[in-house]
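Beneath this line is the structure, given in structure tokens, with notes to follow.
So, in structure tokens, the structure goes:
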């Protein structure tokens, strides 16, 4: 969304696509539906847990793994624009 930083979105994406997250999610879901009480139990790190050093490590890797089509160019541009602002 507009009020989230692109780096936070990238970290959430990396978290949600991790092997531990996938494994735990599959263990929690017993049917075809993911209810809100299940979502609240999933291992998602809050945005304040990501230090600048972790962001510098995680965000480029997430971007490299996810930027596979032109339709997400806007997201990649947001990530790099934010990185330039933080570097200045």
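In my numbering, the protein residues as written are 74 to 161.
Yeah, the Cβ is synthetic: ideal placement off N, Cα and C, and Gly gets one too.
These figures come from a predicted structure and were not determined experimentally.
With a contact defined as Cβ atoms closer than 8 angstroms, residue 152 and residue 91 miss out at about 19 angstroms. Of 156, 120, 102 and 93, the smallest CA-CA separation from residue 85 is found for 120. By the Cβ-count criterion, residue 112 is exposed, with fewer than 16 other Cβ atoms from all chains shown falling within 10 Å of its own Cβ. Restricted to the stretch 105-149, the alpha helix (DSSP H) segments that are unbroken, complete and at least 4 residues in length are 109-112 and 125-139, listed in chain order. If the five residues before and after residue 135 are omitted, its C-beta is found closer than 6 angstroms to the C-beta atoms of 83, 86 and 87, all from its own chain and listed in chain order.
For residue 88, the enclosing alpha helix (DSSP H) has its first and last residue at 79-89.
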